[in-house]
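> Each residue of the sequence shown is one higher than the last, beginning at 1 in full-length UniProt numbering.
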Amino acid sequence: MKIAGRSALVTGANRGFGRHLAAELLARSATVYAGARNPDTVDLPGVTPVRLDITDPASVAAAAELAGDVTLLVNNAGVSTGADLLDGDLAEIRLELETHYLGTLSVVRAFAPRIAANGGGTVLNILSALSWITFPQVGAYGAAKAAEWSMTNALRAQLAERGVRVAGLHVGYMDTDMTAEVTAPKSDPAEIARLAVDGIEADRYEIVADETSRQVLAGLSGGVAALYPALP
Numbered sequence: 001m002k003i004a005g006r007s008a009l010v011t012g013a014n015r016g017f018g019r020h021l022a023a024e025l026l027a028r029s030a031t032v033y034a035g036a037r038n039p040d041t042v043d044l045p046g047v048t049p050v051r052l053d054i055t056d057p058a059s060v061a062a063a064a065e066l067a068g069d070v071t072l073l074v075n076n077a078g079v080s081t082g083a084d085l086l087d088g089d090l091a092e093i094r095l096e097l098e099t100h101y102l103g104t105l106s107v108v109r110a111f112a113p114r115i116a117a118n119g120g121g122t123v124l125n126i127l128s129a130l131s132w133i134t135f136p137q138v139g140a141y142g143a144a145k146a147a148e149w150s151m152t153n154a155l156r157a158q159l160a161e162r163g164v165r166v167a168g169l170h171v172g173y174m175d176t177d178m179t180a181e182v183t184a185p186k187s188d189p190a191e192i193a194r195l196a197v198d199g200i201e202a203d204r205y206e207i208v209a210d211e212t213s214r215q216v217l218a219g220l221s222g223g224v225a226a227l228y229p230a231l232p
């Protein structure tokens, strides 16, 4: 898939990784719709701001009408509440699932028929190394991302026959607002955006963008003992 000349929609494009993705697509001569709950917060020159709250079906439907020429959809919008699975607010845990899983699914359901009608294209879901491994501090986020990963796999098989390629990006911590309090090593989001778009152009189904994700992926075959060696 060549990016030049494509029409792309990036959700959550007003800041953080989404803004870097939109900038990378612009640099490769795509037409870019920048989705945000408040389009006034989109400050990247050259994009078309689109009001889009992925947890609001009416907002998703309106965005699909406005950006009907899209052949590349990047599902980046997300939230991290830090909710504890045992003691945290269930409303915050539901928000994680409603955003990463149901919200992303809602956007795919709205745009996939349009992408197919426009001659086919690609959906890229921004996942995480936390799709594969998780910890108590990010239990709600990891559960939501694991659900999104499973959804990505199912949609990939279902949409392939319609000419819509579904890819997933796995990455560890990036240096964005969402990880401001994280002290672990972080990747440069501009570099990860470049690798993500390279992966789209190379028609990859799975884009493993950093060493953290590569190590976790390699450990999956070792089961619980390999992923969680500190367990008694």
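The C-beta atom is built at its ideal place from N, Cα and C for all residues, glycine as well.
1) Taking the alpha carbon of A147 as the point to measure from, which residue in Q158, Q137, A160, I133 has its own alpha carbon closest?
2) Buried or exposed for Y141, please, with buried defined as at least 16 other CB atoms from any protein chain shown within 10 angstroms of its CB.
3) R204: which of E24, Y33, P45, T122 sits nearest, CA to CA?
4) Tell me the residue span of the beta strand (DSSP E) that contains A121.
5) Using DSSP bridges, identify the partner residues of S187.
6) Give the DSSP-derived three-state secondary structure of P229 in the structure shown.
7) Just how far apart, CA to CA, sit L231 and V138?
8) From E201 to A83, what does the alpha carbon distance come to, in whole angstroms?
9) Would you grab the beta carbon distance between V60 and L52 for me? Rounded to a whole angstrom, and I think it's under 8 angstroms.
10) Note the first and the last residue of the continuous beta strand (DSSP E) segment covering T48.
11) Using the rule of at least 16 other Cβ atoms within 10 Å of the residue's Cβ for burial, across every protein chain shown, is G223 buried or exposed?
12) For a quick check, are the C-beta atoms of V74 and V166 less than 8 angstroms apart?
13) Given this structure, state the Cα-to-Cα distance separating A117 from D69, to the nearest angstrom.
14) For P189, is the classification buried or exposed, using 16 other Cβ atoms within 10 angstroms of its Cβ as the cut-off for buried?
15) Would you say A116 lies against chain C (beta-carbon separation less than 8 angstroms)?
16) Our contact map puts L130 next to L169 with C-beta atoms below 8 angstroms; I'd like the distance itself, whole angstroms only.
17) I'd like to check one pair, T71 with G18: are the Cβ atoms closer than 8 angstroms?
18) Measuring only the C-alpha atoms, how far is K2 from L124?
19) Among residues of its own chain, excluding the 5 on either side of G219, which ones have a beta-carbon nearer than 6 angstroms to its beta-carbon?
20) Since E24 is in the alpha helix (DSSP H), which residue starts that stretch and which ends it?
21) Just to confirm, are G35 and A8 a CB contact at a threshold of 8 angstroms?
Let's see:
1) As a first step, residue 147 is located in the sequence shown; it is residue number 147 there, counting from the start. Of Q158, Q137, A160, I133, the residue nearest in Cα terms is I133.
2) Position 141 of the sequence shown, counted from the start, is the residue given in the question as residue 141. Burial call: buried.
3) Residue numbering aside, residue 204 sits at position 204 when the sequence shown is read from its first letter. Nearest option by C-alpha distance: T122.
4) Working through the sequence shown from its first residue, we reach residue 121 at position 121. Reading off the sequence, residue 121 comes out as Gly, not Ala. Where G121 is concerned, the enclosing beta strand (DSSP E) stretches over 121 to 126.
5) Taking the first residue of the sequence shown as 1, we reach residue 187 at position 187. Beta-bridge pairing links S187 to M174.
6) Start at 1 with the first residue of the sequence shown, and residue 229 comes out as number 229. P229 falls in the coil class under three-state DSSP.
7) The residue given as residue 231 occupies position 231 in the sequence shown. The residue given as residue 138 occupies position 138 in the sequence shown. Their Cα atoms are separated by approximately 17 angstroms.
8) For the purposes of this step, residue 201 is taken as residue 201 along the sequence shown, with counting starting at 1. For the purposes of this step, residue 83 is taken as residue 83 along the sequence shown, with counting starting at 1. If I take the Cα positions, the gap works out to 36 angstroms.
9) Residue mapping note: residue 60 aligns to position 60 of the sequence shown, counting from 1. Residue mapping note: residue 52 aligns to position 52 of the sequence shown, counting from 1. Right, the Cβ-Cβ distance comes to about 7 angstroms (below 8 angstroms), so this counts as a contact.
10) Indexing the sequence shown from 1 puts residue 48 at position 48. Start and end: 48 to 51.
11) Translated into positions along the sequence shown, residue 223 becomes position 223. Counting Cβ neighbours within 10 Å, G223 comes out exposed, since fewer than 16 surround it.
12) Taking the first residue of the sequence shown as position 1, residue 74 is located at position 74. Taking the first residue of the sequence shown as position 1, residue 166 is located at position 166. Cβ atoms of V74 and V166: not closer than 8 angstroms.
13) For the purposes of this step, residue 117 is identified with residue 117 of the sequence shown, where counting begins at 1. For the purposes of this step, residue 69 is identified with residue 69 of the sequence shown, where counting begins at 1. Rounded to the nearest angstrom, the two C-alpha atoms are 9 angstroms apart.
14) Numbered from its first residue, the sequence shown carries residue 189 at position 189. Buried, by the Cβ-count rule.
15) This model lacks chain C altogether; it includes just one protein chain.
16) To locate residue 130, count along the sequence shown from 1; it is residue 130. To locate residue 169, count along the sequence shown from 1; it is residue 169. With 8 angstroms as the limit, L130 and L169 do not qualify as a contact, their Cβ atoms being about 13 angstroms apart.
17) Residue mapping note: residue 18 aligns to position 18 of the sequence shown, counting from 1. Residue mapping note: residue 71 aligns to position 71 of the sequence shown, counting from 1. Contact flag unset, no.
18) As a working mapping, residue 2 is identified with position 2 in the sequence shown. As a working mapping, residue 124 is identified with position 124 in the sequence shown. Going from the Cα of K2 to the Cα of L124 covers about 14 angstroms.
19) Sequence index remark: in the sequence shown, residue 219 carries index 219 (1-based). So the qualifying residues of the chain are A226, L227.
20) Taking the sequence shown and counting its residues from 1, the one referred to as residue 24 is at position 24. E24 -> alpha helix (DSSP H) spans 16 to 27.
21) Within the sequence shown, the letter at position 35 stands for residue 35. Within the sequence shown, the letter at position 8 stands for residue 8. No, the pair does not count as a contact, with Cβ atoms beyond the cut-off.
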